[in-house]
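Following the working numbering, the numbering of the sequence shown begins with 3 at its first residue and continues without gaps.
Even glycine gets a Cβ: it sits at the ideal position worked out from N, Cα and C.
Please read all numbers here as calculations on a predicted model, not as lab measurements.
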Amino acid sequence: MKSVLIIGLGRFGQHLCRKMAELKNEVMVIDTKAELVEAMMPLVTNAQIGDCTNVEVLKSIGIRNFDICFVCIGTNFQSSLEITSLLKENGAKYVVSKATRDIQAKFLLRNGADEVVYPERDIAEKEAVRFSANHVYDYIEINDEYSIFEIPVSAEWEGRTIREVDFRAKYKVSIMGVKKGEDTRFLPMADHVFEEKEHLMVIGRIEDVERLLRKFEFGNEKSKNKRSR
């Protein structure tokens with residue numbers, strides 16, 4: 003459990019607040035709009051109406067006591083920059099600021115942000131990957147080289163075990179979990195038998211997973227042709 007300060011209750015700030023509270027963190031929120039603060043009050047440890055570009059407001063909430071301070075202001079970059087700088091100048095342990103463009107990130111990092119997040123960009127990139135591929139149900143980027151993909155079971159694997167398919171050696175991709183409906187079985191054993199309606203959570207180099215998906219599509223096409231005969 004961590005002590006978290008969230009400044010700015012736009013859509014990103016609200017979602018962050020709900021999830022942080024759900025994960026049992028101690029959350030304080032602050033925004034200039036009373037209606038936004040009131041909406042979050044049932045979820046948080048503390049809430050305050052105030053303008054954090056005023057250093058006295060920041061000092062009054064004891065920013066040194068928070069493990070992480072999030073600056074979630076998206077519509078006024080000048081305010082976001084000022085608040086980020088004031089937080090660090092007044093002893094904030096770790097500051098995470100929201101950006102929408104690379105140029106904003108550069109200024110935020112130069113002015114005290116320990117980390118910058120791009121929620122809109124990250125969601126857009128994730129959905130672009132997911133909807134561009136025919137057989138990707140979910141996608142999590144780990145870094146520029148590795149990602150996690152949720153893919154279906156190929157028809158040619160059905161009824162065979164992970165060992166029989168020789169999955170890791172053949173595709174250079176590891177199976178993290180097997181998902182069927184709402185249930186997910188993590189780190190399946192080598193004797194797990196693939197079933198038609200299962201999804202696989204696989205991790206590997208992006209180029210290897212893309213190669214697997216191309217083979218997967220070709221394999222499915224061959225299976226369809228066999229079934230139609």
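Reference residue i; option with closest CA among the options
i	options	result
Arg-123	Lys-181, Glu-197, Gly-76 and Val-6	Gly-76
Lys-199	Asp-185, Asn-56, Val-131 and Lys-108	Asp-185
Val-180	Val-167, Pro-154, Arg-165 and Arg-170	Pro-154
Glu-84	Phe-188, Phe-109, Ile-177 and Tyr-141	Phe-109
Phe-188	Tyr-173, Val-175, Val-204 and Thr-102	Val-204
Ala-115	Asp-53, Lys-26 and Ala-94	Ala-94
His-201	Val-167, Phe-151 and Lys-217	Phe-151
Phe-196	Met-178, Val-167, Asp-104 and Arg-216	Val-167
Thr-34	Met-22, Ile-177, Cys-54 and Asn-92	Cys-54
Ile-32	Asn-67, Cys-71 and Ile-105	Cys-71
Asn-92	Lys-61, Glu-158 and Arg-170	Lys-61
Ile-105	Glu-24, Arg-216 and Gln-80	Gln-80
Arg-216	Asp-140, Tyr-173, Gly-183 and Ala-23	Tyr-173
Lys-128	Leu-111, Lys-182 and Asp-146	Asp-146
Limits of the unbroken beta strand (DSSP E) element including residue i
i	result
Ile-9	5 to 9
Thr-77	Where Thr-77 is concerned, there is no enclosing beta strand (DSSP E), given that its DSSP letter is neither H nor E.
Tyr-173	Careful: Tyr-173 lies outside any beta strand (DSSP E), inside the alpha helix (DSSP H) at 169 to 173.
Val-29	28 to 33
Lys-182	176 to 182
Leu-202	201 to 207
Ala-49	48 to 51
Proximity of residue i and residue j at Cβ, strictly below 8 Å
i	j	result
Ala-36	Ile-51	yes
Arg-213	Tyr-148	no
Ser-156	Asp-69	no
Val-87	Asn-56	Sequence inspection shows Ser at residue 87; the Val mentioned does not correspond to that position. Not closer than 8 Å, so no.
Arg-165	Ala-192	yes
Val-73	Gly-12	no
Ile-65	Leu-18	no
Val-29	Thr-47	yes
Lys-26	Met-3	yes
Val-211	Val-175	yes
Arg-1	Leu-38	As shown, the chain starts at 3 and ends at 231. That puts residue 1 outside it, with no answer to give.
Pro-190	Phe-14	no
Range covered by the alpha helix (DSSP H) that runs through residue i
i	result
Asp-104	104 to 112
Ser-62	57 to 62
Arg-20	13 to 24
Leu-38	36 to 42
Per DSSP, cross-strand counterpart(s) of residue i
i	result
Glu-143	Ser-149
Val-118	Ser-99
Pro-190	The partner list for Pro-190 (beta bridge, DSSP) is empty, contrary to what the question assumes.
Thr-163	Val-195
Expected contact under 8 Å - CB spacing of residue i and residue j to nearest Å
i	j	result
Val-98	Val-119	6 Å
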